[in-house]
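Written out below as structure tokens is the structure these notes cover.
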Amino acid sequence: MGKVLSGLSESSSLSLKAPYSFFDLPIQIMKHFSKTTRPAHPKKTTQTKGLHVPLWTQCLAAVSVCLLASGCVDDHGRGDMHAAVSECFFKYPFAKGTAYQRFNCIYQAHAHYGPEAMGAQYSLRLQVDLASLKVGQDVDSGTLTPEEGKTTLRWVTDKAYTQASLLQAWLAAHPQRN
582 MGKVLSGLSE SSSLSLKAPY SFFDLPIQIM KHFSKTTRPA HPKKTTQTKG
632 LHVPLWTQCL AAVSVCLLAS GCVDDHGRGD MHAAVSECFF KYPFAKGTAY
682 QRFNCIYQAH AHYGPEAMGA QYSLRLQVDL ASLKVGQDVD SGTLTPEEGK
732 TTLRWVTDKA YTQASLLQAW LAAHPQRN
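Take the sequence shown: its letters are residues 582 to 759, numbered as in our numbering.
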């Protein structure tokens, strides 16, 4: 097997001795020319036909995206209110010295955006906000620890929502007569 391989000269140190397999040749060449190796199967670029999407589905997709985007639908300030409340959580941690500021910030955000952003239970949520302000004062003054404050907040919130649901059930069972 003393023939010259393409790209190799007789003075090259590559030597293939018989018997060799078909797979030994590329390995031997790759070892010898490691910087100039190329894949055995170059990528073939073929032109494929694009997927045809009917115009009505494109319009439906555009309308769906528009409806889901907050800029197309009036959310009555809910998104802005949630952003303001999130800012309150970020600015004021629930700890001694900042608890009242935190709940005051949340109360101000809820009051600013009003009943349309707060939803059907606006007055209930404002009552919870006012109770939270009292808990914040107690945490800041040291009357309650932050853990006791969290427990109290859970209790106040649960009680308020339980009373509201009982009131709604009673009102549904006893409609007003005019």
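Glycine residues also receive a C-beta, built at the ideal position from the N, C-alpha and C atoms.
Only a predicted model underlies this, so the values are computations on that prediction, with no experimental measurement involved.
Just tell me which of the options has its CA closest to the CA of residue i.
i: F675; options: Q708, W736, T726 and W751; result: T726
i: Q749; options: D719, L705 and H663; result: L705
i: L707; options: K677, W751 and A745; result: A745
Give a yes or no on whether the C-beta atoms belonging to residue i and residue j are separated by under 8 angstroms.
i: T679; j: Y688; result: no
i: V737; j: V709; result: yes
i: G730; j: D739; result: no
Whole-angstrom Cβ separation of residue i and residue j, contact assumed at under 8 angstroms?
i: A690; j: C669; result: 6 angstroms
What does the alpha-carbon distance come out to for the pair residue i and residue j?
i: L747; j: G723; result: 34 angstroms
i: A650; j: G695; result: Residue confidence is low: A650 scores 46 on pLDDT, short of 50, so the model does not pin down where it sits. No coordinate-derived value is stated.
i: L648; j: G660; result: Note on L648: pLDDT 44, under 50, position unreliable in the model; the coordinate value appears next. One C-alpha to the other measures close to 15 angstroms.
i: E728; j: D721; result: 12 angstroms
i: T733; j: H755; result: 33 angstroms
i: K677; j: L752; result: 41 angstroms
i: M662; j: C686; result: 11 angstroms
i: R543; j: L711; result: Residue numbering for the chain in the displayed model covers 582 to 759; residue 543 lies beyond these limits and cannot be assessed.
i: Y681; j: F671; result: 14 angstroms
i: Y742; j: F684; result: 18 angstroms
i: Q757; j: A664; result: 38 angstroms
Could you tell me if the beta carbon of residue i falls within a distance shorter than 7 angstroms of some heavy atom in the ligand SAH?
i: P727; result: Looking at this structure, you won't find the ligand SAH or any other ligand, since it has none at all.
Quiz item: Would you call the stretch 713-721 and the stretch 692-704 in contact, with 3 or more CB pairs under 8 angstroms?
Solution: no
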